[in-house]
Amino acid sequence: MVRLIGLHLRILYLLSFLLFLLLNLQMLICFLLFLLLILFYCFHIPQYKYFERYPKLYCSVQ
Numbered sequence: 140m141v142r143l144i145g146l147h148l149r150i151l152y153l154l155s156f157l158l159f160l161l162l163n164l165q166m167l168i169c170f171l172l173f174l175l176l177i178l179f180y181c182f183h184i185p186q187y188k189y190f191e192r193y194p195k196l197y198c199s200v201q
């Protein structure tokens with residue numbers, strides 16, 4: 140019985156750790172997209188006029 144409880148705790152810990160990694164990864168991707176947007180603004184590449192017109196990035200971090 141104690142072994143089962145320990146196993147469940149270990150699985151819960153692993154799941155929470157994976158969730159934490161996923162959220163961090165999502166925030167990292169949003170940050171990288173933001174940096175790319177800043178680079179587009181700095182260099183004013185003509186084919187990225189879309190990004191100049193719509194500068195909002197929608198990152199759904201829940």
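By my numbering, the letter at position 49 of the sequence shown is numbered 188, and the numbering carries on one by one without gaps.
Backbone N, C-alpha and C define an ideal beta-carbon position, used for all residues, glycine too.
As the structure is a prediction and not an experimental result, all values here were calculated from the model.
Quick check: the Cα distance between residue i and residue j, rounded to an integer number of angstroms?
| i | j | result |
| --- | --- | --- |
| LEU152 | LEU171 | Looking at the sequence shown, residue 152 is not Leu but Tyr. Distance between the alpha carbons of TYR152 and LEU171 is about 28 angstroms. |
| PHE179 | LEU167 | 18 angstroms |
| SER155 | ILE177 | 33 angstroms |
| CYS169 | LEU162 | 11 angstroms |
| ILE144 | LEU174 | 45 angstroms |
| LEU158 | ILE150 | 12 angstroms |
Please decide whether residue i counts as near chain D, where near means a Cβ-Cβ distance under 9 angstroms.
| i | result |
| --- | --- |
| ILE144 | Chain labels in this structure do not include chain D; a single protein chain is all it has. |
> What are the complete alpha helix (DSSP H) segments, minimum 4 residues, inside the segment 141 to 182?
Replying inline: 141 to 182
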